[in-house]
Every structure is written in structure tokens, then in C-alpha cells.
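Numbering (this note's numbering), first residue to last: 69 to 387.
We treat Cβ as the ideally placed atom computed from N, Cα and C, and that holds for glycine.
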Amino acid sequence: MSPFSKKFDPQSDLPDLSGKVAIVTGGNAGIGYATVKHLARLGAKVYVAARSEEKLAATVERIQSDDDIDNDLIQPLLLDLADARKAKAAAEEFIEMEDRLDILRAYEQSVDAVAGSMMINHISPFVFTQTLLPLMKTTSEETDSDVRIVNVTSVMHKLPTPAQGRFRNLDDFNQDFAKTSMPMLLQYAYSKLANVVYTRELQRRLTCANTRIAVLAVHPGLVNTYAHRLALPSLLQPLASALMRAFLRRPAVGAYNSVWAAAAPDVKLKDLGGKYVEPIGKVVPPSKVALKEEVGQELWATTEEFLKSIGLELPAMST
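Encoded structure:
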């Protein structure tokens, strides 16, 4: 489908999700908020994960006021991805509350310094996902299961050069791109490359272990969000705001690709695990560096090295 196609309708084109449980990180605003509503309208019980308790409560109340959504389907989950330890604690709290997890839609945005971008966009989501993985594996063993992990990335993941797009050590993680013309944009793009690389490496490991979970990396399309404006130099932000309002899609439409990846039958029928998907449901090659298996292995190893340095160890996965 065209990125601007009006033919796709989540409510009529996707299956009923009654009985399924989902987590949407960053669910209090933008495309995360829209994703929560789309999944709940399909019948899924959705945990809205966000880091501000006050905003989280307000978001849940706002969604529950929608006449199209059953109030019991919307639940809060306090999740602070700025701290990997808190991400692990949130996942453990969820495991205490639920005995299944069918859909994990992982997405946050940070355009702060590199350490902040990599922590919020990759490291903490890695911890959150890996901690939840045993529960998702158990869910995947049920008859007719269809478990999905949806990592929201960006087409900007293609911006780093092969030399810039490496994850060999913590120095790589902390690149500041200071010698480039748009360092903040490249910091963001680097963390989005990590999302694609992690998706492919996690899928490879799950497949090797014969675990029936599909992991996809999705680009939501060009969406009018505040974080995208922040990635630009300050002088360009007012112009960017005007252009985004005029030409970019609303968050409700920007959520379509995430919802498609979370629920479309084609993901299972066509074995799309590990793929990079652009709107809507279009499988395209990611950047060349993302296709290199050794890059996935080095990302995994360096992430685990950092986590061990702060006292966090996760269950090992086969390589």
C-alpha cells in the first residue's frame, strides 16, 4: 500500500484481538497513544507504559472516556526507560500481574546526548524486552499462538555510514558525531539503527532456539511529532513545525504500520520475522550495515557488557 493510502483501516482489515495482552511503551502521546487505541478497539487488553505517573493516569482516564473502548482493556504500567534498572523492574512487575504477553510494541524517543539516546531508544528497551521474553515464550507455546515484538525505528536508521554504524564497544555507543553538520540527528539515527540491528539479531536467536515469536522493525512514516522537530538545529525548528503540520501524517495514521505489524495475519503467513517494514506493511531492505550478522552480534555483546557494568545480568540466549 502507498504510505498515504486511505484504504487501510485497522478496525476492518485486522483480526479480532480479544483475549490477547499487549504492552505499548511510550503510550501516553503521539503514535504510541494512537497505537493503544487501535489495539484496544480490536479487543486486546493494552498496558499503557510511560514514565510519568501523573501523565500515565491522565492518559488512561482519557482513553477510557472513549465510548468505543472497554475501560477494562486499558491498564497503566509505570516504565522509565531512562534507567535500565527501572525498565527491568517494570517488566518484573508486569510478569507478576499477567500470565501471558502476546504483543510488545517497543518505542520511545530521546534526542538528548548520545548516552541518553542509546539508553532510552535501545538499552532500556533491550532490558525490558529480554526480561519479558520468558513470558512471551510461554505464550508462544500455546496452540495457535501468534506472538509479536514490534520495534519502532525510523528510515533515518540509514543515515549513519558503515564506519559510523558499528557497536563494537562503549566508545561506539557514545559517539557524539560532533564533526558532522547535524550531530543530534545522527545521534538519533544511530539509536534507530540499533533498533533494526537488535530486531534482526533477536529474531536470529529466537529462530535458532525454535521459538515461535516474530520480531519486526517498523518505520511509522513521516509523522508530525515533537521529537522529530527536536532532532533538527534550533534555527530550523519553526520552519520544520510549519512544514510538518502541512505535509505530515497525524499520529493516528502514523500508528497504522505498528498496528499492522502487531496484528496482520501476513506476518505469520509470510514468515516476516526479522524484517524491516515501511508503511503500510511494505517489507523493504534495511541499511546495508544492518544486514551484517557480525554487527548484530557486536551490538548484543556491547549491550550486555554495559549492563554487567551497572550490575544487571539477563538470562543468556543462544548465539
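**Prompt:** Excluding sequence positions up to five away, which residues of its chain have a Cβ less than 6 Å from the Cβ of G322?
**Reply:** So the list reads I99, P288, G289, V291, once near-sequence residues are dropped.
**Asked** How is the alpha helix (DSSP H) around E346 delimited, first residue to last?
**Response** DSSP places E346 in no alpha helix (DSSP H) but in the uninterrupted beta strand (DSSP E) bounded by 344–346.
**Message:** Check whether the segment 223–240 and the segment 254–263 are in contact - that is, three or more C-beta pairs closer than 8 Å.
**Reply:** A contact exists between the segment 223–240 and the segment 254–263.
**Prompt:** Can you give the Cα-Cα distance for G188 and R273, rounded to whole angstroms?
**Reply:** One point to set straight first is that residue 188 is Ile, not Gly, in the sequence displayed. Their Cα atoms are separated by approximately 23 Å.
**Prompt:** Just checking my contact of V92 with V104 at CB under 8 Å: how many whole Å lie between their CB atoms?
**Reply:** Going by Cβ atoms, the distance from V92 to V104 rounds to 5 Å, so yes, they are a contact pair.
**Prompt:** Just reading off the beta strand (DSSP E) that Y115 is part of, what are its end residues?
**Reply:** Y115 -> beta strand (DSSP E) spans 113–118.
**Message:** Give the list of continuous beta strand (DSSP E) stretches no shorter than 3 residues that lie fully inside the segment 114–158.
**Reply:** Every unbroken stretch of the beta strand (DSSP E) spanning 3 or more residues and falling wholly within the segment 114–158 is given here in chain order: 142–146.
**Of the residues D135, I137, D138, E166, the one placed nearest L145, counting alpha carbons only** = Closest option to L145, Cα to Cα, is E166.
**Message:** Quick check: the Cα distance between R234 and G364, rounded to an integer number of angstroms?
**Reply:** Taken atom to atom, the span from the alpha-carbon of R234 to that of G364 is near 9 Å.
**Prompt:** To which residues of the same chain is V265 closer than 6 Å at the C-beta, ignoring the five residues directly before and after it?
**Reply:** Same-chain partners within the cutoff: A358, V363, G364, L367.
**Prompt:** Alpha carbon to alpha carbon, what distance is there between P230 and V252?
**Reply:** For clarity, residue 252 is Met in the given sequence; the question names Val instead. Between M252 and P230, the C-alpha separation is close to 18 Å.
**Message:** Please identify the residue among T206, G349, T370, Q243 whose C-alpha is closest to the C-alpha of L169.
**Reply:** The shortest Cα separation from L169 among T206, G349, T370, Q243 belongs to T206.
**Asked** With burial defined as no fewer than 16 other Cβ atoms inside 10 Å of the residue's Cβ, what is the status of G379: buried or exposed?
**Response** Answer is exposed; the Cβ neighbour count stays below 16.
**Request:** Kindly indicate the opening and closing residues of the beta strand (DSSP E) around T207.
**Result:** Membership of T207 in any beta strand (DSSP E) is not indicated; the residue belongs instead to the alpha helix (DSSP H) covering 192–208.
**Message:** With the cut-off set at 9 Å, would you say D212 and V335 are in Cβ contact?
**Reply:** With respect to the 9 Å criterion, D212 and V335 are not classified as neighbours on the basis of their beta carbons.
**Request:** Give, in chain order, every unbroken run of the alpha helix (DSSP H) that is at least 4 residues long and sits entirely within the segment 74–106.
**Result:** Counting only unbroken stretches of 4 or more residues, the alpha helix (DSSP H) elements lying wholly within the segment 74–106 are 78–81, in sequence order.
**Own chain, CB closer than 7 Å to R236, minus 5 neighbours either side, in chain order** = The residues are E366, T370.
**Message:** For V351 and P78, I'd like the C-alpha separation in whole angstroms.
**Reply:** Cα to Cα, V351 sits roughly 18 Å from P78.
**Message:** Could you compute how far the alpha carbon of K376 sits from the alpha carbon of C276?
**Reply:** When rounded, the distance between both Cα atoms is 24 Å.
**Request:** Name the two residues that bound the continuous beta strand (DSSP E) containing V286.
**Result:** Unbroken beta strand (DSSP E) run through V286: 281–286.
**Request:** Please name the residue or residues paired with K350 in a DSSP beta bridge.
**Result:** Partner(s): E346.
**Prompt:** Since R236 is in the beta strand (DSSP E), which residue starts that stretch and which ends it?
**Reply:** Annotation: R236 is outside any beta strand (DSSP E) and is labelled neither H nor E by DSSP.
**Request:** Under 8 Å by Cβ, that's how I've got L107 and V114 pegged, so tell me the actual separation to the nearest angstrom.
**Result:** Sure, about 5 Å apart at Cβ, within 8 Å.
**Request:** Report the partner residues of V218 according to the DSSP bridge assignment.
**Result:** Looking at the DSSP output, V218 sits in a beta bridge with R173, L284.
**Request:** Classify A231 as helix, strand or coil using the three-state DSSP reduction.
**Result:** Coil.
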